[in-house]
C-alpha cells in the first residue's frame, strides 16, 4: 500500500479503467447471474451498512428478511417454511447437508447426488466429510431413480435432487426421489439455486418443491434469476427443527443465536431481494421467465435451421447444443465477443438465456454461429 | 408474494420505513463493523454486477483483487503472500483450517485455540469435523503458552493465535506460538479479523504477522477496521501450496479453478476494498487508528474518574470495563440509546471505539454512564 493515499478522483479513474476490462453482460451466454434489477441496486445502496450478522442492531432489515423468506416459501410450496438469506448456493447447500449430517449422526455418512449436481457438491463433501455418491442420469439428463436407490445404504443421510441443473437446465423427478427419501428415512434436499425463480413461472407445471411430501430443504438464489444483487442466496427448511443443528450462541452480540455460516452478513442484499420481489410480484417474474423462454425458443429454432440440434428440448432457459467442432466454433464465437460455455458429458455448447439478453442478441448470435460454422 | 408488483415509489417508501427501525451507528459501542468509507460505497456501486465466482468474465475486478491481496500482504509482513477476499472472518478461518486439516490428514484431527477465540471457531469445528481444544488465558487475557503446549498431541493439526481478540482486543504472543508450531510441525493460523487493520498502526509494535517465522495464514477483514463494504473478508497464506487443498475444478465457467468457499462472490466488495485502501494509504489508516485510540484513552480516563476500571489497559480500540451492576447499568444505557455488549469471563462491559464515533460521543457516553451508575 502507498504511504500517502491517492486523491478520490485518481482512485475513481483507476476503478473506471479496471471496470472497462470487465465484460459487460451483453454477449454473455455462460452466466447464471445477470445485471441486478435497478430497484435492487437502489435498495442495496440504502442498506449498504446493514449487517445481518448482528441483526439486533438492524431490526428493520431483519423484518425484510423474514418477509423475503415467507415470500420465497410461498413460491416454493410452503408459506410456513423457515430459513435465511445466505451468500449463495454453496452456503445453502453446505448448511442443508450439515443439518442432515448432524441429525443423522452416522459414523461414515454419505449422500447420493445426481451426476448432474453442481461442482460445489464436491467441495461440500470435502468440507463436511460426507462421502459423495453420484447417481447416473437417464437419456434426458434426469437422475436415474434406480441408480439412486442402488447407492443408498445404512450410512446414507440425504438424497439431493436438482431442479434446474447447471449444465442442462433439467429437473429431476423430485416426487420419485421423495418416495425413496420417505421410505428410507432420509433428508431430501432440492438444489433449485437456478430453478427456484424460474420453474414456478414455466407453462408446464413441475412438482419440485415443498408441495412434494418428503422434500426437507430447498436452495433458491435471488441473485440468479431473482434479479437481486450479490450475495443473495436462499436456504429454506420445511421444518424449523432443521435450523437447530446450525444454531450457535453469539455471546457478545445483541442477539443470542445465529444460524448462518457467515458471521457478518450483507443486509444490503437482503433489502435488494425484498425490493425486487415486492416490485416485480408474481406477474413480473412470470414476464421475465416468459421473455427468456421466448428467446430460448428463438435460439433453438434458429440453430435447428443450421442443422444444430439441442441435446434435449429445453426445459428452462438453458440450452445444450450439439455443435460440431465445438472448441473451434467456441473460439471463433469468442472472437466475435460471445461468451459460451460447455457441458461435460456429452460435450456440447451450453447457453444460458438470461434477462440481460435481447431478441436482437439472439438473432445476431444465430447469424454469428452460422458464420463460425462456415455455413454462411 | 403479491401477484401484482408494487410501484417503485411504494417499495422505496417501505424500505425507508424499515431502514428507520435499524440502528444508526451513532451510539453503537458493540460492533466491529462500521459505516463504510464513502469511496468504498462509490466503488461498490460501480461494480455491483461483478461476480468473482467467474472472474474470467471480470478480469478488471480480478486485477483489483490481486492488488488488494498484495497490499494486505505488505501490511502483514509479506508482500508475496497469496489468498483471496472472502465473505468474512468465518469463511477465512474455515478455509485456513480446512487447508491444515487436509494437508495434515489425521484420522481424528484437533486444533488448539485460545479460550478467547471468536465463537465462530466452535462453528468451524463442527463444520470441518475438527476437535476444538481451548487453551486457558493468562491474567492479561493472552493465551497461556504452557496451556497450548499441554493440549498439543499427535493428532493436532493447527494452533490458532488471536491478534485482536473479540472481547478484550488482546494480542496473543504470536512469536511464542510460532516456536511451538515450528517445533511440532503444525500450522499456525492468526485470526486478525479485527486487528489486521489496527495493529500495524498502533504506537507500540507487535510481532503478529508473517514477519514471524512459523505463521502460515492470517485472517484480516477489510469490512471491519478496513472501512470497506460487506462482504469483504481477507484470507492470506504465506505459501501458495496452501491454496491447493481449496482448489476445485470449475468445468462450466470461463475459469478452470476456484479457491473460494462461496461460488458466486461479490466483485463490488472487492472494488470497494481496493478503493478505500488506495485512497487512505498507510497514512489514512494510521490517522483512523490514532483517532480511535485517542477516543479509547478518553473513555478510560473518563470512566476511571467514575471509579470504573478497565480489566486490562486497552491494547487497541476495545475496552472491557469492570462496571458494577452490569446488567442494570447496560439496560439503563440502552434506554439512553447506547448499545454496549459484554465479555463472558469475567463478565464486563465491552465497548468498541469505532471510527463512526466522535469525541463528543465519548464525552456524552461518560456522562450518561455516570448517571446510570447513580453517581451524578
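Residue numbers (the working numbering), protein chains in the order written: chain L, 1 to 376; chain A, 1001 to 1376. Built from N, CA and C at the ideal position, the CB exists for glycine as well.
For residue 360(L), the uninterrupted alpha helix (DSSP H) segment begins and ends at 359 to 372. Taking 8 angstroms as the Cβ-Cβ cut-off, the stretch 253 to 282 of chain L approaches chain A at 253, 254, 261, 262, 263, 264, 265, 266, 267, 268, 271, 274, 275, 277, 278, 279, 280, 281 and 282, given in chain order. Assignment of residue 1086(A) by DSSP, reduced to helix, strand and coil, places it in the strand class. Residue burial is scored here from C-beta neighbours: residue 328(L) has fewer than 16 other C-beta atoms within 10 angstroms and is therefore classed as exposed. Spanning the alpha carbons of residue 230(L) and residue 1039(A) requires a straight line of approximately 19 angstroms.
Below the 8 angstroms Cβ cutoff, chain A contributes 1252 as neighbours of residue 166(L), in chain order. Interface with chain L (9 angstroms Cβ-Cβ cutoff): residue 1223(A) is included. Within the same chain, 1141 and 1320 come within 6 angstroms of residue 1168(A) by CB-CB distance, once the 5 residues on both sides are set aside. At a cut-off of 9 angstroms between beta carbons, residue 1039(A) contacts chain L.
If you ignore the 5 residues before and after residue 56(L), its C-beta comes within less than 6 angstroms of the C-beta of 254 and 255, all in its own chain and listed in chain order.
Fewer than three beta-carbon pairs drawn from the stretch 212 to 221 of chain L and the stretch 260 to 278 of chain L are found closer than 8 angstroms, and the two stretches are therefore not classed as touching. When DSSP reads this structure, residue 187(L) sits in a beta bridge with 158(L).
Residue-level contact by beta carbon fails for residue 170(L) and chain A, as no gap is shorter than 9 angstroms. Residue state for residue 67(L) is assigned as helix, using DSSP reduced to three classes.
Residue 1027(A) counts as buried, since no fewer than 16 other beta carbons sit within 10 angstroms of its beta carbon. Boundaries cannot be given for residue 76(L), as no alpha helix (DSSP H) includes it and DSSP labels it neither H nor E. Taking 8 angstroms as the upper bound for CB-CB distance, residue 1189(A) and residue 1158(A) are in contact here, some 6 angstroms apart. By alpha-carbon distance to residue 1066(A), the top candidate from 1312(A), 1112(A), 1281(A) and 1085(A) is 1085(A). Comparing alpha-carbon positions, the option among 294(L), 263(L), 32(L) and 128(L) lying closest to residue 225(L) turns out to be 32(L). For residue 114(L), the enclosing beta strand (DSSP E) has its first and last residue at 110 to 114.
Less than 9 angstroms divides the Cβ of residue 1179(A) from the Cβ of residue 1214(A). If you ignore the 5 residues before and after residue 1336(A), its C-beta comes within less than 6 angstroms of the C-beta of 1368, all in its own chain and listed in chain order. Here residue 4(L) is near residue 1283(A), since their CB atoms are less than 9 angstroms apart. Taking 9 angstroms as the cut-off, the beta carbon of residue 1259(A) is found no closer than this to the beta carbon of residue 1034(A). DSSP assignment within the stretch 203 to 285 of chain L yields the following whole beta strand (DSSP E) runs of 3 residues or more, N-terminal first: 217 to 219 and 233 to 237. DSSP, read as helix, strand or coil, puts residue 317(L) in coil.
Look at residue 363(L): its C-beta is not under 9 angstroms from any C-beta on chain A. Ranked by how close their Cα comes to the Cα of residue 1261(A), the residues 1307(A), 1021(A) and 1090(A) have 1090(A) in first place. Assigned with DSSP and collapsed to three states, residue 1019(A) falls in helix.
Excluding residues up to 5 positions away in sequence, 1110 lie with their Cβ nearer than 6 angstroms to the Cβ of residue 1131(A) in the same chain.
Comparing C-alpha distances from residue 315(L) to each of 16(L), 332(L), 309(L) and 297(L) shows the shortest one belongs to 297(L). In this structure, the CA atom of residue 175(L) is about 56 angstroms from the CA atom of residue 1317(A). For the stretch 142 to 164 of chain L, no residue has a beta-carbon sitting nearer than 7 angstroms to a beta-carbon of chain A.
Assigned with DSSP and collapsed to three states, residue 41(L) falls in helix. If you compare the alpha carbons of 1186(A), 1209(A) and 1187(A) with that of residue 1197(A), the shortest gap goes to 1209(A). Here residue 1346(A) is exposed: its Cβ has fewer than 16 other Cβ atoms, across all protein chains shown, within 10 Å.
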